[in-house]
Amino acid sequence: MTAFAVQPVTGADLDLLVDLYARSFDEPYARPALESLIDSPGAWAAIAWRDGPAGRQGVGFIIARMVAGEGEILSLGVPVPARRRGVGRALLTDALYRLALSGADDVFLEVGEDNPGAVALYRGLGFRQVGRRRGYYLRKNGRRVSALIMRYPVKKSDYSLE
Ligand SMILES: CC(C)(COP(=O)(O)OP(=O)(O)OC[C@H]1O[C@@H](n2cnc3c(N)ncnc32)[C@H](O)[C@@H]1OP(=O)(O)O)[C@@H](O)C(=O)NCCC(=O)NCCS
1 MTAFAVQPVT GADLDLLVDL YARSFDEPYA RPALESLIDS PGAWAAIAWR DGPAGRQGVG
61 FIIARMVAGE GEILSLGVPV PARRRGVGRA LLTDALYRLA LSGADDVFLE VGEDNPGAVA
121 LYRGLGFRQV GRRRGYYLRK NGRRVSALIM RYPVKKSDYS LE
């Protein structure tokens, strides 16, 4: 994969965001619901763009939120063909930077315990498990899966904020 850039979502990107979500999670997120999520207080989304021979292409997205001094990663997705090329790491790194600059002391997220790839990504960037919601997700096959709650403590010195 060639170089890519992470940029905040604008209104014009909304259809692409809906498409990236559906291709990352294999299930849709209704456009109005997604729109109202990113319009909610403190929330924003970003898309990773790749410049290739076929032109500019969106290859992943992240949705995050800053509330009362805490950051939250609400969703992160990279469609299968673009995976394992550093897109997820770049999106998350960018979101952590933005949240740190907004004054977050900690950033939290929830991830299914049946998702070791995502857990490895989060651990690699410094998130650690701080809790577990038992049977939190209901999978398509009817199986209940627990959510791991993970926390990233923002070190102000990492972001030149001290
Ligand atoms: C999780 C997800 C966002 C990762 O995106 P990605 O662009 O493939 O991740 P990266 O290439 O940046 O991976 C960075 C590191 O994370 C870890 N990692 C990512 N995916 C992994 C996998 N499937 N298995 C093991 N480790 C994995 C690795 O340490 C990887 O580094 P490496 O490739 O040098 O070994 C992507 O797999 C995805 O969209 N999955 C479906 C949706 C989802 O589960 N989202 C998260 C919900 S909480």
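Numbering (our numbering), first residue to last: 1 to 162. Ideal placement from N, C-alpha and C gives every residue a C-beta, glycine not left out.
Candidates the options: closest to residue i by CA position
i: L16; options: A45, P41, A3, F4; result: A45
i: G71; options: L14, L96, R143; result: L96
i: D158; options: G112, A64, G126, D51; result: G126
i: G131; options: K155, G112, L14; result: G112
i: L74; options: V6, G58, L91; result: L91
i: A3; options: G117, D51, P28; result: D51
i: L62; options: I47, E162, I149; result: The sequence shown places Ile at residue 62, rather than the Leu named in the question. For I62, the nearest C-alpha among the options comes from I47.
i: G174; options: W49, T93, P153; result: The question about residue 174 has no answer here: the residues shown for the chain are numbered 1 through 162.
i: R23; options: V59, A12, K140, Q129; result: V59
i: D94; options: A64, G135, R139; result: A64
Coil, strand or helix - residue i by DSSP
i: Y29; result: coil
i: S40; result: coil
i: G125; result: Checking the sequence, you will find Leu at residue 125 rather than Gly. Note: L125 maps to coil in three-state DSSP.
i: A18; result: Looking at the sequence provided, one finds Val at residue 18 rather than Ala. Helix at V18.
i: D106; result: strand
i: R134; result: strand
i: A147; result: strand
i: E162; result: coil
i: V154; result: coil
i: G11; result: helix
i: M1; result: Any reading at M1 must be qualified, since the residue scores a pLDDT of 46, below 50, and its modelled position is unreliable; no value is offered.
i: R65; result: strand
i: G142; result: coil
Beta-ladder partner(s) of residue i, from DSSP
i: A48; result: V6, G60
i: V111; result: L148
i: G55; result: G52
*Taking 8 Å as the threshold, find out whether the stretch 79-89 comes into contact with the stretch 101-113 through three or more Cβ pairs.*
The stretch 79-89, when compared against the stretch 101-113, does not touch it at the 8 Å Cβ threshold.
*Quick one: any contact between the stretch 84-98 and the stretch 27-38, if contact means 3 or more CB pairs under 8 Å?*
Under the 8 Å Cβ criterion, the stretch 84-98 does not count as touching the stretch 27-38, having fewer than three qualifying pairs.
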